[in-house]
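Beneath this line is the structure, given in structure tokens, with notes to follow.
What follows is the structure in structure tokens.
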């Protein structure tokens, strides 16, 4: 699992890391070949395409024809002499069906004739998804695989691979009852549910490969193939499969936007699943307790970003001021607003602003745009805000505001609001005509948390200095 997945509150690392698995995949491929479960096939892409077209014209299943299934050593040598490098294909049963129970889709049956011998290792030796995924799940004794419905057709191949990998290692001494039959023994029509563990009584081909490359043994030697649950595909609000064209689709993108990890986890659980009570907000522990595949729908799940923002905003509102401050700090550091690490003064100011931000943001990142100016040494002015609000009598408002805020003994939100109301009465202007010019002068923009409360957490001298510094712009706008 990659570091960005931490945006969901998950952990990563250990023997399951992709870069550490190649040796066992190679060891398994060699053993499958030696056991006769797999074979070398030398066809070129053009030959495979021609075979596919013939099958289509003849009405045969589109799978591999098996042309190189039984090559002699002399034939293989001749093909190698032509410069061809083989892929490895796993033998599939010639007849029969596979039946398995999917926790979402129910009973699924597939005829082996529709599958054909499939590639498990490429010509360069790298494993295909089927081998790598199946081997990794079995090596870790995974009991449940939940994934997208687009991988439903991979199950027959993975079942067959699991049978081969859980077959007895060469030279092992069986003790007790055997487990599921390995590939090629006529058990192609057995149900996937029969693919159990071997009771830990004899080493399997997989166990032998793990030992060779120095990997830890399987956590549960008795475990067999996992159960499968194939979840509905997630679509964007346009009804099309979710992709980069819909915007952020990586977990780390949402972390950078300021979506809380626990909220993203909650939201993703709701993509296709619904609680019987209709409730939508859950902690991770509650999701673990209440989630069931029986309540997962089969229809495509809509990825509603508006709903995600709403859930995130609700969760932010429930954070304490201290919790919100702790969540905001890395966001402000990443945005370059705070030093890394922040100074004590910056932390104190952010803590004072957190209660003002809490009811007004739906993502942590939105807070940066609202109050970054509070931490800046110089104000950056938004041209549209200046043009709209520093005009008319704005210069007079700024002059009087600077005078009255300087003269006021008390520096609090209540006292600042009293100054603004007094100016409204004196100048016969509405609050907007008084407060917006001051807001633009101090913040550089016409959008901020409530002005009196925000100014109250700033130093009075800084506020007055900014008002006076903006005065020439008001004159120009007039």
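In the working numbering, the protein residues as written are 591 to 1068.
All C-beta atoms in this analysis are idealised placements derived from N, C-alpha and C, irrespective of residue type, glycine included.
Reducing DSSP to helix, strand and coil, say where residue i ends up.
| i | result |
| --- | --- |
| residue 1064 | helix |
| residue 1043 | helix |
| residue 971 | coil |
| residue 836 | helix |
| residue 996 | helix |
| residue 669 | helix |
| residue 792 | coil |
| residue 711 | strand |
| residue 733 | coil |
| residue 933 | coil |
| residue 891 | strand |
| residue 1037 | coil |
| residue 758 | strand |
| residue 687 | strand |
| residue 716 | coil |
| residue 653 | coil |
| residue 916 | helix |
| residue 806 | coil |
| residue 868 | coil |
| residue 591 | For residue 591, the predicted structure reports a pLDDT of 41, less than 50, and the residue's modelled location is therefore unreliable. A value from the coordinates is still provided. Note: residue 591 maps to coil in three-state DSSP. |
| residue 981 | coil |
| residue 951 | coil |
Name the two residues that bound the continuous alpha helix (DSSP H) containing residue i.
| i | result |
| --- | --- |
| residue 1069 | With the chain covering only 591 through 1068, there is no way to say anything about residue 1069. |
| residue 848 | Run containing residue 848: none; DSSP gives neither H nor E here. |
| residue 719 | 719-729 |
| residue 957 | 954-961 |
| residue 874 | 874-880 |
| residue 1022 | 1021-1033 |
| residue 745 | 745-755 |
| residue 648 | 635-648 |
| residue 616 | 612-624 |
Residues bridged to residue i by DSSP?
| i | result |
| --- | --- |
| residue 692 | 696, 818 |
| residue 1001 | Its beta-bridge partners do not exist; DSSP assigns none. |
| residue 926 | Note: residue 926 sits in no beta bridge, so no partner. |
| residue 738 | 821 |
| residue 831 | 825 |
| residue 886 | 863 |
Following the continuous beta strand (DSSP E) through residue i, name the residue where it begins and the one where it ends.
| i | result |
| --- | --- |
| residue 705 | Per DSSP, residue 705 belongs to no beta strand (DSSP E) and is neither H nor E. |
| residue 628 | 628-631 |
| residue 680 | 677-680 |
Nearest to residue i by CA position, among the options, is which residue?
| i | options | result |
| --- | --- | --- |
| residue 683 | 670, 672, 669, 656 | 656 |
| residue 828 | 985, 1004, 892, 794 | 892 |
| residue 621 | 751, 885, 913 | 751 |
| residue 736 | 720, 816, 689, 711 | 816 |
| residue 699 | 687, 826, 912 | 687 |
| residue 938 | 918, 955, 647 | 918 |
| residue 800 | 1015, 755, 677, 834 | 755 |
| residue 955 | 669, 902, 796 | 902 |
| residue 879 | 865, 679, 888 | 865 |
| residue 638 | 874, 685, 857, 654 | 654 |
| residue 863 | 1051, 672, 883, 844 | 883 |
| residue 1072 | 946, 1031, 1010 | Nothing can be reported for residue 1072, as the shown portion of the chain is limited to 591 through 1068. |
| residue 987 | 677, 1062, 844 | 1062 |
| residue 718 | 701, 809, 697, 677 | 677 |
| residue 794 | 854, 839, 729 | 729 |
| residue 806 | 797, 812, 814, 813 | 797 |
| residue 749 | 953, 1047, 705, 936 | 705 |
| residue 734 | 905, 715, 691, 758 | 691 |
| residue 1064 | 696, 1051, 1002, 973 | 973 |
| residue 975 | 659, 991, 1028 | 1028 |
| residue 992 | 649, 858, 1010 | 1010 |
| residue 1058 | 1021, 1017, 1022, 996 | 996 |
Could you tell me whether the Cβ atoms of residue i and residue j are closer together than 8 Å?
| i | j | result |
| --- | --- | --- |
| residue 1039 | residue 909 | no |
| residue 740 | residue 823 | yes |
| residue 611 | residue 726 | yes |
| residue 832 | residue 825 | yes |
| residue 679 | residue 628 | yes |
| residue 1053 | residue 1041 | no |
| residue 681 | residue 707 | yes |
| residue 927 | residue 962 | yes |
| residue 818 | residue 721 | no |
| residue 1034 | residue 958 | no |
| residue 1008 | residue 946 | no |
| residue 870 | residue 860 | yes |
| residue 994 | residue 1012 | yes |
| residue 617 | residue 803 | yes |
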